[in-house]
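Working notes, beginning with the structure itself.
In my numbering, the protein residues as written are 21 to 157.
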């Protein structure tokens, strides 16, 4: 649960940093948030099963898939920094949408109730629809 909150807070901070115009801070903040989420997943792995009100359940499989996804997203962010360095536009919306998609993925991996599965799918897919419809030159 802490990883979901960390990713959501990181996405909000990245979006507000983009509004302030500090483009060079976007990638380090995003990677720092992803690393913090991974660290919280490692800490949560010490506890056998964590359940929150019958909606979300963090067991071994959920933590493993969440960790794998966070590591993959970290690699995507690090490798995309070189690709986007020549772009004049701010990337806050792109990074923020990716982080919101990660939040939905973590909700999907740890659902215990069908409502959380539906919310995870929606939180994952809506930012992806926005990114597919936006134009990035």
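Cβ atoms here follow ideal geometry from the backbone N, Cα and C, with glycine treated the same way.
Check: Member of 139, 150, 146 and 130 whose CA lies at the smallest distance from the CA of residue 22; Outcome: 130
Check: Beta-ladder partner(s) of residue 71, from DSSP; Outcome: 77
Check: Environment of residue 140 [buried if 16+ CB atoms lie within 10 Å]; Outcome: buried
Check: Sequence-distant residues of its chain with Cβ nearer than 6 Å to residue 110 (five each side left out); Outcome: 38 and 43
Check: Straight-line gap, residue 47 to residue 75 (C-alpha atoms, nearest Å); Outcome: 32 Å
Check: Bridge partners - residue 131, DSSP secondary structure assignment; Outcome: 76
Check: Three or more C-beta pairs below 8 Å linking the region 76-86 and the region 111-121; Outcome: no
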